[in-house]
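In what follows, a structure is listed as structure tokens, so that the remarks can point back to it.
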Amino acid sequence: MWKWLHPYAKAERAYQLCNTLLPYFAVISIVCILVGWVWGLAFAPADYQQKDSYRIIFIHVPSAILSMGAYSSMAIAAIVALVWQIRNAELAVISIAPVGAAMTAIALITGAAWGKPMWGAWWVWDARLTSELILLFLYFGVISLYHAFEDKKVAGRAACILAIVGVINLPIIHFSVEWWNTLHQGSTITKFDTSAIDPTMLWPLLINILGFAGFVGVIALMRLKNELLRCEQHRPWVRELISRG
Amino acid sequence: MHTQHSYWQLFKAVYTKDVTLAFRQRAEIFNPLLFFVIVITLFPLAIGPEPALLSRMAPGIIWVAALLSTMLGLDKLFKEDYLDGSLEQLIASPYPLSLSVVAKVAAHWTISGLPMVLLSPLFALLMNLEQQALGATVLTLLVGTPLLSLIGGIGAGLTVGLQKGGLLLSLLVLPLYIPVLIFATSAIDTSMMSLAYGGQLAILGAMLAIGLVSAPFAISSALRVSVS
Amino acid sequence: MQFASFSDFLAMGGYGFFVWLSFGTCAVILIGILVSSWLEGKGLKKSIRDQVAREARIKQAQQEQNL
Amino acid sequence: MLEIKAVTCIKQERCLFESLSFSLQAGEIMQIEGPNGAGKTSLLRIIAGFSRADEGAVTFNGDDTQMNYDEFAANLLFIGHKSGVNPQLSAIENVQHWQQVHGVKDIGQTMQLLAKLGLVGLEDVPVRTLSAGQQRRVALVRLWLNNAKLWILDEPFTALDKKGVAQLQAQFQIHLERGGAILLTTHQDLTAQFAKLKTLVLEYRL
Numbered sequence: 001m002w003k004w005l006h007p008y009a010k011a012e013r014a015y016q017l018c019n020t021l022l023p024y025f026a027v028i029s030i031v032c033i034l035v036g037w038v039w040g041l042a043f044a045p046a047d048y049q050q051k052d053s054y055r056i057i058f059i060h061v062p063s064a065i066l067s068m069g070a071y072s073s074m075a076i077a078a079i080v081a082l083v084w085q086i087r088n089a090e091l092a093v094i095s096i097a098p099v100g101a102a103m104t105a106i107a108l109i110t111g112a113a114w115g116k117p118m119w120g121a122w123w124v125w126d127a128r129l130t131s132e133l134i135l136l137f138l139y140f141g142v143i144s145l146y147h148a149f150e151d152k153k154v155a156g157r158a159a160c161i162l163a164i165v166g167v168i169n170l171p172i173i174h175f176s177v178e179w180w181n182t183l184h185q186g187s188t189i190t191k192f193d194t195s196a197i198d199p200t201m202l203w204p205l206l207i208n209i210l211g212f213a214g215f216v217g218v219i220a221l222m223r224l225k226n227e228l229l230r231c232e233q234h235r236p237w238v239r240e241l242i243s244r245g
Numbered sequence: 001m002h003t004q005h006s007y008w009q010l011f012k013a014v015y016t017k018d019v020t021l022a023f024r025q026r027a028e029i030f031n032p033l034l035f036f037v038i039v040i041t042l043f044p045l046a047i048g049p050e051p052a053l054l055s056r057m058a059p060g061i062i063w064v065a066a067l068l069s070t071m072l073g074l075d076k077l078f079k080e081d082y083l084d085g086s087l088e089q090l091i092a093s094p095y096p097l098s099l100s101v102v103a104k105v106a107a108h109w110t111i112s113g114l115p116m117v118l119l120s121p122l123f124a125l126l127m128n129l130e131q132q133a134l135g136a137t138v139l140t141l142l143v144g145t146p147l148l149s150l151i152g153g154i155g156a157g158l159t160v161g162l163q164k165g166g167l168l169l170s171l172l173v174l175p176l177y178i179p180v181l182i183f184a185t186s187a188i189d190t191s192m193m194s195l196a197y198g199g200q201l202a203i204l205g206a207m208l209a210i211g212l213v214s215a216p217f218a219i220s221s222a223l224r225v226s227v228s
Numbered sequence: 001m002q003f004a005s006f007s008d009f010l011a012m013g014g015y016g017f018f019v020w021l022s023f024g025t026c027a028v029i030l031i032g033i034l035v036s037s038w039l040e041g042k043g044l045k046k047s048i049r050d051q052v053a054r055e056a057r058i059k060q061a062q063q064e065q066n067l
Numbered sequence: 001m002l003e004i005k006a007v008t009c010i011k012q013e014r015c016l017f018e019s020l021s022f023s024l025q026a027g028e029i030m031q032i033e034g035p036n037g038a039g040k041t042s043l044l045r046i047i048a049g050f051s052r053a054d055e056g057a058v059t060f061n062g063d064d065t066q067m068n069y070d071e072f073a074a075n076l077l078f079i080g081h082k083s084g085v086n087p088q089l090s091a092i093e094n095v096q097h098w099q100q101v102h103g104v105k106d107i108g109q110t111m112q113l114l115a116k117l118g119l120v121g122l123e124d125v126p127v128r129t130l131s132a133g134q135q136r137r138v139a140l141v142r143l144w145l146n147n148a149k150l151w152i153l154d155e156p157f158t159a160l161d162k163k164g165v166a167q168l169q170a171q172f173q174i175h176l177e178r179g180g181a182i183l184l185t186t187h188q189d190l191t192a193q194f195a196k197l198k199t200l201v202l203e204y205r206l
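Protein chains in written order, with the working numbering: chain F, 1 to 245; chain G, 1 to 228; chain C, 1 to 67; chain V, 1 to 206.
Written out as structure tokens, the structure reads:
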């Protein structure tokens with residue numbers, strides 16, 4: 001695998017790889033999101049208890065899953081970058097962060113819009129919501145740390161370290177928030193049980209998850225291309241690429 | 001030469017310079033706001049998530065967070081201009097220094113106070129603030145944050161020449177913020193009881209008017225002292 | 001199709017506001033980050049092109065000076 | 001034009017100069033010399049009105065500069081050690097900002113002037129990416145773009161190459177011929193270029 005992977009450590013090859021992968025991800029995300037939304041909004045049956053408001057889970061669950069998925073892949077890229085000193089992995093970290101933050105924001109907003117009709121409040125300090133909010137802060141931390149440094153090589157390494165620290169801290173934060181929540185029994189919430197979900201609802205949900213994953217891929221690849229161009233802008237291959245149009 | 005037109009030109013030049021610089025380094029706008037949100041998040045974690053308790057404490061928490069995050073950007077208000085000599089050029093301009101100062105404070109408010117005002121409904125939501133208090137929160141922040149920038153400007157002007165003026169700056173300025181804090185939170189409290197809070201708002205407005213008239217002169221003399 | 005009419009579809013059984021709020025903000029955020037990433041790439045390519053032009057101009061100015 | 005009357009400056013319990021008096025007429029250039037720490041910069045800052053003299057007064061065309069500072073400022077061009085160039089902005093933005101702040105009309109020659117000072121192609125990059133000498137030139141463009149009568153320049157030649165120094169001296173000559181006055185500190189010998197050069201020597205006093 002190392003032999004196969006190694007050429008892509010070169011920026012130019014990585015750029016070409018992005019270009020090759022981008023259309024596949026784009027098609028998957030467009031098709032799945034369109035199908036998933038139409039199916040989820042118009043064709044899936046209404047929930048017995050929550051009526052039509054449950055349709056929000058067709059975007060809430062995918063975005064929540066991907067907010068954590070994006071963070072894990074960011075952390076994996078960060079470990080790769082620090083252990084094998086691969087610059088492109090650093091760039092991948094900083095390319096994933098914005099779309100991960102966007103997923104977290106969507107999860108929070110849709111969670112609030114779902115919570116209002118269900119619990120009667122836009123926001124409750126529940127363990128999962130609080131952890132999600134802290135995850136958003138961690139994403140913002142990585143992004144701002146990267147932009148705070150003038151020298152982008154140092155910035156990339158610093159962002160990687162923070163991403164790794166965050167991924168180690170995240171379970172601890174989640175655990176402590178959950179423990180904190182049991183102390184305050186005032187706001188217990190009935191969780192939406194995904195295992196008992198009816199297949200007619202599960203299929204559009206899975207399609208949406210795939211679509212969102214594709215979308216995260218599209219944005220990460222687009223941003224990775226940008227970052228590659230930015231840090232290689234004095235190299236001949238970039239100059240040639242630009243002059244070709 | 002001293003026409004109204006050229007005064008406006010000066011104001012615009014100083015204001016746009018500061019706002020442009022802030023937008024180029026977006027962290028300057030973004031970080032104090034993020035600090036504001038994180039501080040607010042810490043309170044429910046520390047005192048518990050009971051909605052009744054939170055909504056009782058919300059006005060105080062939102063306003064203390066607003067004070068603290070205004071303090072963050074204050075240190076930099078005149079620092080860069082002092083270090084690169086632009087401040088001397090502003091003094092040696094044929095226009096009154098107080099006008100440039102107003103422009104700089106206005107720019108500071110645009111990048112620190114205004115986003116807080118715009119985001120405040122979100123924080124009201126996080127803190128379970130009651131619906132009827134939302135208007136009061138937004139209004140007090142709208143009237144109060146420019147005042148914070150003006151008062152803070154005086155402290156920033158006095159400490160700009162110091163090597164490590166940051167902490168001293170907060171010691172100087174935070175006591176001066178107390179009246180604003182008292183009337184703003186009292187206005188929100190009153191509104192939660194569904195009573196008229198026009199009185200407190202009027203006092204805040206009067207303080208803002210006094211601040212607008214007098215603070216620029218105080219700031220510009222503070223700057224002259226710091227530069228010499 | 002779960003809904004009898006288009007207005008039923010919009011109403012979402014009384015939860016229309018919340019459902020459309022979620023889907024609306026979601027769409028705005030998705031499109032927003034897509035467009036901003038695309039614009040960033042365009043801006044970057046333009047700035048590299050500017051840099052190339054700038055270097056050419058500096059070279060030209062130096063040649064004129066040497067003449 | 002400019003008159004310094006019995007000015008005294010005491011800094012950190014040390015008397016830099018005492019009862020210093022001199023005057024500068026239109027078309028005159030004066031060089032202030034002296035070892036480091038003699039108070040050259042302090043004197044310039046007092047004359048420019050940034051610091052107060054402990055005793056004495058500075059008058060411009062007969063008026064006390066402190067009494068009517070904005071009037072004086074309209075006739076003053078000051079470039080100090082800290083040149084007032086923002087490192088985040090580009091050269092062209094810096095020049096335009098300075099013009100607006102000082103009420104100088106933009107005559108649309110900024111690009112040509114920057115080119116003349118050897119900043120071709122560097123007009124729209126942040127100044128912090130330029131070299132020290134190039135940054136200095138961005139500040140010195142003001143000498144071509146002002147309508148001030150009195151120039152006060154603290155070490156204007158620092159970080160400049162030979163060509164830059166020559167350009168600057170030529171511009172000094174033009175300003176003097178127009179009836180302006182220049183007060184500057186430098187360690188360079190200017191007697192060859194300016195026949196009517198006045199010099200003021202400050203001693204290092206204990």
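All C-beta atoms, glycine included, are put in the ideal place defined by N, C-alpha and C.
Within chain V, K82, G84, V85, N86, P87 have C-beta atoms less than 7 Å from the C-beta of D84(G), given in sequence order. Take E3(V), set aside five residues on each side of it, and the residues of its chain with a beta-carbon closer than 6 Å to its own are S23, T59, in chain order.
The region 57 to 103 of chain G is shown to contain whole alpha helix (DSSP H) runs of 4 or more residues at 79 to 84, 86 to 91, in chain order.
Chain G places a beta carbon closer than 8 Å to that of S51(V), counting this residue as a contact. DSSP places P216(G) in the helix class (H, G or I) of the three-state scheme. Contacts with chain G (Cβ-Cβ distance below 7 Å) from the region 131 to 145 of chain F involve L133, F137, F140, S144, listed in chain order. The Cβ atoms of G103(V) and S6(G) lie closer than 8 Å to each other. A distance below 8 Å separates the beta carbons of G85(G) and G84(V). Per DSSP, the unbroken alpha helix (DSSP H) holding M68(F) starts and ends at 57 to 84. When secondary structure is reduced to three states using DSSP, D50(C) falls in the helix class. If only complete runs of 3 or more residues are kept, the region 99 to 174 of chain V shows the beta strand (DSSP E) at 150 to 154, in order along the chain. Using a CB distance cut-off of 8 Å, V35(C) does not count as an interface residue toward chain F.
Listed by position along chain G, the residues whose Cβ is nearer than 8 Å to that of G27(V) form an empty set, because the closest Cβ is around 22 Å away.
Flagged as an interface residue toward chain C: K51(F), by a C-beta distance shorter than 8 Å. Per DSSP, V201(V) is one residue of the beta strand (DSSP E) stretching across 198 to 201. For E3(V), the enclosing beta strand (DSSP E) has its first and last residue at 2 to 11.
Check the Cα spacing between G41(C) and each of F140(F), E240(F), S67(F), R223(F): the tightest is with R223(F). Look at R57(C): its C-beta is under 8 Å from a C-beta on chain V. Under DSSP, the beta-bridge partners assigned to L20(V) are V7(V).
Residue pairing by DSSP places R14(V) opposite K11(V) in a beta bridge. For F30(G), the nearest beta carbon of chain F is closer than 8 Å to its own beta carbon.
For G56(V), the three-state secondary structure derived from DSSP is strand. The beta carbons of V101(V) and L10(G) sit about 6 Å from each other, so the pair counts as a contact at 8 Å. Chain-ordered, the chain F residues with CB closer than 9 Å to the CB of L34(G) read F137, F140, G141, S144. With respect to chain F, the C-beta atom of S22(C) has a partner C-beta closer than 8 Å. The beta carbon of E55(V) is closer than 6 Å to those of T8 in its chain, skipping five residues each way along the sequence. If you draw a straight line from the Cα of S191(G) to the Cα of G120(F), it comes to about 22 Å.
Identification of chain C residues near M222(F) by a Cβ-Cβ cut-off of 9 Å yields L34, S37, W38, E40, G41, ordered along the chain.
Beta bridge pairing from DSSP links D64(V) with T59(V). Beta-carbon to beta-carbon, E28(G) and G73(G) are separated by about 7 Å, close enough to satisfy the 8 Å threshold. Between L16(V) and D154(V), the C-beta spacing is not below 8 Å. Taking a 10 Å sphere around the C-beta of E64(C), we find fewer than 16 other C-beta atoms and assign the residue as exposed. Taking C-beta atoms as the reference points, V167(F) and L66(F) fail to come closer than 8 Å.
With contacts defined as CB atoms closer than 8 Å, T158(V) and Q31(V) fail to qualify as a contacting pair. DSSP places T185(V) within a strand segment (E or B) once states are collapsed to three.
Annotation: E150(F) is outside any alpha helix (DSSP H) and is labelled neither H nor E by DSSP.
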